[in-house]
Amino acid sequence: MKKENIVLVGGGGHCHSVIDVIEQEDKYNIIGIIDLKENIDKNVFSYKIIGCDDDLEEIFKKCQNAIVTVGHIQSNTLRKTLFNKLKRIGFNLPVIISPLAYVSKHSLIDEGTVIMHQSLINANVKIGKNCIINTKALVEHDCIVENHCHISTSSILNGAVIVTENTFYGSNAVCKQGININGFIKAGSVVK
Amino acid sequence: MKKENIVLVGGGGHCHSVIDVIEQEDKYNIIGIIDLKENIDKNVFSYKIIGCDDDLEEIFKKCQNAIVTVGHIQSNTLRKTLFNKLKRIGFNLPVIISPLAYVSKHSLIDEGTVIMHQSLINANVKIGKNCIINTKALVEHDCIVENHCHISTSSILNGAVIVTENTFYGSNAVCKQGININGFIKAGSVVK
Amino acid sequence: MKKENIVLVGGGGHCHSVIDVIEQEDKYNIIGIIDLKENIDKNVFSYKIIGCDDDLEEIFKKCQNAIVTVGHIQSNTLRKTLFNKLKRIGFNLPVIISPLAYVSKHSLIDEGTVIMHQSLINANVKIGKNCIINTKALVEHDCIVENHCHISTSSILNGAVIVTENTFYGSNAVCKQGININGFIKAGSVVK
Numbered sequence: 069m070k071k072e073n074i075v076l077v078g079g080g081g082h083c084h085s086v087i088d089v090i091e092q093e094d095k096y097n098i099i100g101i102i103d104l105k106e107n108i109d110k111n112v113f114s115y116k117i118i119g120c121d122d123d124l125e126e127i128f129k130k131c132q133n134a135i136v137t138v139g140h141i142q143s144n145t146l147r148k149t150l151f152n153k154l155k156r157i158g159f160n161l162p163v164i165i166s167p168l169a170y171v172s173k174h175s176l177i178d179e180g181t182v183i184m185h186q187s188l189i190n191a192n193v194k195i196g197k198n199c200i201i202n203t204k205a206l207v208e209h210d211c212i213v214e215n216h217c218h219i220s221t222s223s224i225l226n227g228a229v230i231v232t233e234n235t236f237y238g239s240n241a242v243c244k245q246g247i248n249i250n251g252f253i254k255a256g257s258v259v260k
Numbered sequence: 069m070k071k072e073n074i075v076l077v078g079g080g081g082h083c084h085s086v087i088d089v090i091e092q093e094d095k096y097n098i099i100g101i102i103d104l105k106e107n108i109d110k111n112v113f114s115y116k117i118i119g120c121d122d123d124l125e126e127i128f129k130k131c132q133n134a135i136v137t138v139g140h141i142q143s144n145t146l147r148k149t150l151f152n153k154l155k156r157i158g159f160n161l162p163v164i165i166s167p168l169a170y171v172s173k174h175s176l177i178d179e180g181t182v183i184m185h186q187s188l189i190n191a192n193v194k195i196g197k198n199c200i201i202n203t204k205a206l207v208e209h210d211c212i213v214e215n216h217c218h219i220s221t222s223s224i225l226n227g228a229v230i231v232t233e234n235t236f237y238g239s240n241a242v243c244k245q246g247i248n249i250n251g252f253i254k255a256g257s258v259v260k
Numbered sequence: 069m070k071k072e073n074i075v076l077v078g079g080g081g082h083c084h085s086v087i088d089v090i091e092q093e094d095k096y097n098i099i100g101i102i103d104l105k106e107n108i109d110k111n112v113f114s115y116k117i118i119g120c121d122d123d124l125e126e127i128f129k130k131c132q133n134a135i136v137t138v139g140h141i142q143s144n145t146l147r148k149t150l151f152n153k154l155k156r157i158g159f160n161l162p163v164i165i166s167p168l169a170y171v172s173k174h175s176l177i178d179e180g181t182v183i184m185h186q187s188l189i190n191a192n193v194k195i196g197k198n199c200i201i202n203t204k205a206l207v208e209h210d211c212i213v214e215n216h217c218h219i220s221t222s223s224i225l226n227g228a229v230i231v232t233e234n235t236f237y238g239s240n241a242v243c244k245q246g247i248n249i250n251g252f253i254k255a256g257s258v259v260k
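Chains as they are written, first to last, in our numbering: chain A, 69 to 260; chain B, 69 to 260; chain C, 69 to 260.
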């Protein structure tokens, strides 16, 4: 099967992890990275930085798939802006799922979301657009994660939790089942 | 190979996760769910609630395997009562192991216990009857987990820990190696 | 393919876990264990304790691969002494990687290090000699872990963290991205 092309938008640390996921998934051919103007022609692993934001309309002519690979710690503003820009241009933002992750067939994941290595989406979960479900994170049965959230590395959302749009849920955070979570949750938090 | 029939006793959130495990294990055919009388004929995913506790003796005539799918957070009384009732009627309570979990061949697991997705039972471990080893939990080498315990999501039992009967060990809890644990351990605890 | 021989140095609890990893990896044939003189001829699982430290030069004549299977909690002095002794004699200290672990092809791991079950080494990581990356531990993108460290069970090193030589990073510890970590980090710590 011929692999489709994809362009990655953002060339930092999170991009390293996403490259590893896309390579393992073996479904897309990474044609290059979009980053700051001053980084053009530098490499991220073996992939070239082929342009900056201003070049996206031109790139769309040869590559219709894109994914936001900027991270989300202090703020998700840049991730949202890029997601909306990509949509406006007409890009398809696929769901990227690591073959080392598990996603229940009873669950739904929306466009532009990446499901990183060894994360787990249990049964009857809904995950919105442009989210990061980071490495080893657990989203338990009956959860809802709204758009533009980052569920960080090894964090745990227990059963039937609702995570509001734009939430950062920190690394190794854990929470009571059935609650609502929003805002900025620090790494290692126990949320009740 | 023809799959054997199984009936699930308890139709709440934990049942959603157990259904996902049983479907992935692909060893048993779920004939239906037992729940409260007022829920009869409702569905849990594509499975019908076919009866309440009073119907178990009748159901046993056509299905000899059962598993308790009620959760255990505040109390395990209902799980124990149901387990004992099922045993009295004559049901076989198999061990259910997710194909995404790992159980060392040097370890033993007793009847009616479920080993959920991506959990890990390391070498030289003994786990009792009617336990939940929940999603992503880790039971390290040389541990003993007695009957009717719930080792919650992403929790960690380090080497040679003994967990006494009826213990609830909360989500993302961690403990020192070689200690005894019993009672109700809150999510996110560090037990020394 | 004929399996190569290996001798394990240290017959305690950590050895139980390493045996499970080596058996699953199915690459080495364990010829026996080295432990204290008074334990010679006892068994660890089905493997005999065939000698003590003083016998290593003799054992090297029939087995050129060795791995340190002593644990590292309070101190790593014994692990370092044994590693250096094995190297002096001429032993090859292979990297042992559980088939249940994931190591990015963009990462490097040095001799004598064991990567235990369900641990994950993400992209662009360097791990030194004689380390334990214990069960379910996560080493995120761009980390450096120097020699003789123990990254304990289910702990999380977030992106671009540097862990100095001899560090103990406790079970379920988590840390901010991009920081330096050294010394003794207790189980369940949140390091900023």
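Just so you know, even glycine gets a beta-carbon here, dropped at the ideal spot from N, CA and C. These figures come from a predicted structure and were not determined experimentally.
Please look up how many angstroms separate the CB atoms of residue i and residue j, rounded, as I've assumed it's under 8 Å.
| i | j | result |
| --- | --- | --- |
| C120 (chain C) | K105 (chain C) | 4 Å |
| I101 (chain B) | I117 (chain B) | 5 Å |
| I212 (chain B) | V182 (chain B) | Their Cβ separation, rounded to whole angstroms, is 18 Å, which puts I212 (chain B) and V182 (chain B) out of contact at 8 Å. |
| G238 (chain A) | I253 (chain A) | 5 Å |
| N144 (chain C) | H218 (chain C) | 7 Å |
| F236 (chain C) | H84 (chain C) | Incorrect: roughly 20 Å between the Cβ atoms, too far for contact. |
| L188 (chain B) | H185 (chain C) | 6 Å |
| K148 (chain A) | H216 (chain A) | 5 Å |
| K153 (chain B) | D178 (chain B) | About 18 Å; that fails the 8 Å criterion. |
Check whether chain B comes within 8 Å of residue i, counting only Cβ atoms and requiring the distance to be less than that.
| i | result |
| --- | --- |
| E113 (chain C) | Looking at the sequence itself, residue 113 (chain C) is Phe, so the reference to Glu does not match. So yes, F113 (chain C) belongs to the interface. |
| Q142 (chain C) | no |
| N248 (chain A) | no |
| L188 (chain A) | yes |
| K194 (chain A) | no |
For residue i, which option in the options has the closest C-alpha, if you only look at C-alpha atoms?
| i | options | result |
| --- | --- | --- |
| T232 (chain A) | A:G79, A:E214, A:D210, A:K244 | A:E214 |
| D103 (chain A) | A:D178, A:T181, A:V138 | A:V138 |
| I74 (chain C) | C:G256, C:F128, C:S220 | C:F128 |
| E208 (chain B) | C:K204, C:D210, C:H209 | C:K204 |
| N133 (chain B) | B:G78, B:R156, B:L161, B:I90 | B:L161 |
| I195 (chain A) | A:C243, A:I224, A:E72, A:I230 | A:I230 |
| S114 (chain B) | A:S223, A:A191, A:V182, A:N198 | A:A191 |
| D109 (chain B) | B:N97, B:S85, B:G79 | B:G79 |
| K173 (chain A) | A:Y237, A:C83, A:V193 | A:V193 |
| V86 (chain B) | B:K71, B:V112, B:C243 | B:V112 |
| G246 (chain B) | B:V258, B:I219, B:G227, B:S257 | B:G227 |
| I157 (chain C) | C:D123, C:E179, C:L188 | C:D123 |
| E126 (chain C) | C:Y96, C:N97, C:F159 | C:F159 |
| V242 (chain C) | C:T235, C:N248, C:G256, C:N234 | C:G256 |
| N97 (chain C) | C:L150, C:M69, C:K197 | C:M69 |
| L206 (chain C) | C:N198, C:V171, C:K155, C:K95 | C:V171 |
| V163 (chain A) | A:V259, A:V136, A:R147 | A:V136 |
| N234 (chain C) | C:S166, C:N240, C:I249, C:D210 | C:I249 |
| N107 (chain B) | B:V77, B:V259, B:V258, B:T221 | B:V77 |
| Q142 (chain B) | A:V258, A:K244, A:S175 | A:K244 |
Is the Cβ of residue i closer than 8 Å to any Cβ of chain A?
| i | result |
| --- | --- |
| S175 (chain B) | no |
| A205 (chain B) | no |
| A169 (chain B) | no |
| V182 (chain C) | no |
| E208 (chain C) | yes |
With a threshold of 8 Å between beta carbons, is residue i in contact with chain C?
| i | result |
| --- | --- |
| S172 (chain B) | yes |
| A60 (chain B) | Given a span of 69 to 260 for chain B in the structure shown, any question on residue 60 (chain B) remains unanswerable. |
| H29 (chain A) | Here chain A covers residues 69 to 260 and nothing more, so residue 29 (chain A) does not appear. |
| K254 (chain B) | no |
| V75 (chain B) | no |
| K244 (chain B) | yes |
Comparing the C-beta of residue i with each C-beta of chain F, is any distance below 8 Å?
| i | result |
| --- | --- |
| K70 (chain C) | Reference to chain F is not applicable here, since the protein chains of this structure are A, B and C. |
> Using Cβ-Cβ distances below 8 Å, what residues of the region 214-239 of chain A are close to chain B?
Replying inline: When C-beta distances to chain B are compared with 8 Å, the residues of the region 214-239 of chain A below that value are S222, I224, N226, G227, A228, in chain order.
>> Taking beta-carbon pairs under 7 Å, can you tell me which members of the region 78-96 of chain A lie near chain C?
In response: Answer in chain order: G81, H84, S85, I87, D88.
> Looking at chain C, which residues of the region 115-144 of chain A have a Cβ within less than 7 Å of any of its Cβ atoms?
Replying inline: Answer in chain order: no residues at all.
> Can you list, in chain order, the residues of the region 154-169 of chain C whose Cβ is nearer than 7 Å to any Cβ on chain B?
Replying inline: Residues L168.
>> Going residue by residue through the region 183-250 of chain B, where are the continuous alpha helix (DSSP H) segments of at least 4 residues, counting only ones entirely within it?
In response: Entirely contained in the region 183-250 of chain B, not one alpha helix (DSSP H) run reaches 4 residues.
>> Quick check for students: name the residue ranges of the beta strand (DSSP E) that lie wholly in the region 113-188 of chain B, counting only runs of 3 or more.
In response: Qualifying beta strand (DSSP E) stretches, in chain order: 115-119, 134-136.
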